[in-house]
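Remember, this note's numbering sits 93 above the position in the sequence shown when you count from 1.
Each remark here refers to the structure printed beneath this line.
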Amino acid sequence: MLEPLAHIGRDPRSGGYVRDAWSAADMELRGWFAGEAARRGLDLREDRNGNLWAWWGDPSRRPGVVTGSHLDSVRHGGAYDGPLGVVSAFAALDLLRERQVTPGRPIGVACFTDEEGARFGVPCMGSRLLTGALTPERALALTDDDGDTLADVMTRAGRKPADVGHDAETLATVGTFVELHVEQGRGLVHEGRPVGVASAIWPHGRWRFDFHGRADHAGTTRLADRDDPMLPFARLVLAAREAAERHDVVATVGKTRVSPGNANAVPGLVTAWLDARGPAEPAVRALVEELSAAAGADVREESWTPEVAFGAALRDRLARVAGGDTPAPILPTGAGHDAGILATAGVPSAMLFVRNPTGVSHSPEEHADQADCHAGVVALADVLEDLCR
Ligand SMILES: [Zn+2]
C-alpha cells in the first residue's frame, strides 16, 4: 500500500520527500486518499481546514473512533513518517472487515493537513486550526519561502480561507483518536518489541532568531570594519549544544537563511530557527531564555506546545490490547503529533509506535521492516475492534 506513494514528491537527488502542504505533491496525496476511501465505500469529507476524513458509519449520530496521521513531510524526509499511519489505518479497517467485525461505533480514517509545518513554520497546522489552538488570523498570514501566505496557497488550491478556523462540528465527530506512527527513536529496539504505546509528548517549540549586520565585500572590507551577523549566529549554534547538555534537553538549529547569501559577501542578515524540547518544561524554557539573552538577535517564538500526557486509562488499555501476551511497552517521545493537539483539546487520544531499526527519522534513511509494519496493522485493528465494541 505504500508503493503507490513511493514516487510522490520524491527528490531524486536526496532520495527524500518534499511534500509541502497544498503543493502539487500534497494534492496528489489527497487524490490517493480519496481513491482509497472510495474503493472501500467510505464517506469522504474534507473539513474547513483541509483535513480529510473517511468514515465507515455516520459519526453525526454517535462520535466515532478515528485513526490516521498525515501525508505531508518535512523537506527531504522519509517514506514512513505520516504515511505509515494513514496506510495502516486503511489496512486495519480492511482487517476488521476480513474478521467480519460489525463496529458498534463509526470508524474514521483521518489525514491531517500540514503536520510537519515544513512550509509555514507552524507544525500541526490542520489539527491546531480544527481545535482552535491556532487562530485563523495568525495562520492565514503566515508566509512560505516564496512570500505566499497560507490564504494565497489555499485559494490557489480551490479552498476557502474565510472558512478556516475552530470547527466544533467536525471535532465532535471524534470520540477517540488513535494515531499509529513510525517510532522516531530506538526505544522499541531496546525493548525488542515491534509495537509500543506513547506515554507523553515532550514540551517543544520553535524560535526564530534574526541576526542583523551589514552586507559588505568579502575581499575589500577589513575585519575591523565588519558587522558580520554570521559570528553571533555561530556562537548561538555552539551555545545551544552546550546549554542543551547542561539542561538535559535537546536543542537543534536545523534551518538557516543567509542574506544576501553570496560566497564572496559578508552577510547582512542571518535568520536561524532553534528547535528545543525536553522532558521538563522549565528546563526547555531556561535554555531558550539563556540563549535569547546572549544571542544579540531579535527572537520570536513561532510555536510552543506544552507537555501532553496521554490519558492513562486509554494508554494502558492500548498497551494491553496491542501487546498480545505481554503488554506493549510504554514510551515517551520527543516528537510532536496531531494526537497531542487533539489530546490537549480534550479528545481522548493515544498513539501506537512501530519499531524503527535505526531510530533515524526526518531523513531518507527512515525505515521500518515490513514484518513490523504488519504487526502495527494487527495491533491497530485489535485496538479499533476493542474500542468499537
Ligand atoms: Zn509524523
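No residue lacks a Cβ here, since even glycine has one placed at the ideal position from N, Cα and C.
Check the Cα spacing between R106 and each of A373, A130 and R168: the tightest is with R168. Comparing alpha carbon positions, the residue from D174, V111, F126 and H467 closest to G278 is D174. If the five residues before and after D475 are omitted, its C-beta is found closer than 7 angstroms to the C-beta atoms of V414 and A415, all from its own chain and listed in chain order.
At least one heavy atom of ligand 1 falls within 6 angstroms of the beta-carbon of G175.
In chain order, A114, D207, A232, L235, T236, D237 and L243 place their CB closer than 8 angstroms to the CB of F213, counting only its own chain and leaving out the 5 sequence neighbours on each side. Nearest C-alpha to H297 among G240, A379 and V351: A379. Beyond the five residues adjoining it in sequence on each side, E394 comes within less than 6 angstroms, by CB distance, of W300 in the same chain, given in chain order.
Contact between A99 and A147 is ruled out by a C-beta separation of about 21 angstroms, above the 8 angstroms threshold. E230 counts as exposed, since fewer than 16 other C-beta atoms from the protein chains shown sit within 10 angstroms of its C-beta. Rounded to whole angstroms, V471 and R370 show a C-alpha spacing of 32 angstroms. Counting other Cβ atoms within 10 Å of its Cβ, R192 stays below 16 and is therefore classed as exposed. Looking at V377, A118, R350 and V363, the one whose alpha-carbon comes closest to that of A344 is V377. For the set P353, K253, S292 and D462, the Cα lying nearest the Cα of D321 is the one of P353. As a beta-bridge residue in DSSP terms, D368 pairs with R299 and T345. If you ignore the 5 residues before and after A390, its C-beta comes within less than 6 angstroms of the C-beta of F302, D303 and F304, all in its own chain and listed in chain order. In this structure the stretch 264-275 touches the stretch 434-450; the number of beta carbon pairs closer than 8 angstroms is three or more.
Counting along the chain, W149 sits inside the beta strand (DSSP E) bounded by residues L145 to W149. Under DSSP, M218 takes part in no beta bridge, so it has no partner. By the criterion of at least three beta-carbon pairs nearer than 8 angstroms, the stretch 432-444 is in contact with the stretch 396-407. The DSSP assignment places complete alpha helix (DSSP H) segments of no fewer than 4 residues inside the stretch 389-445 at 405-415 and 431-437, in order along the chain.
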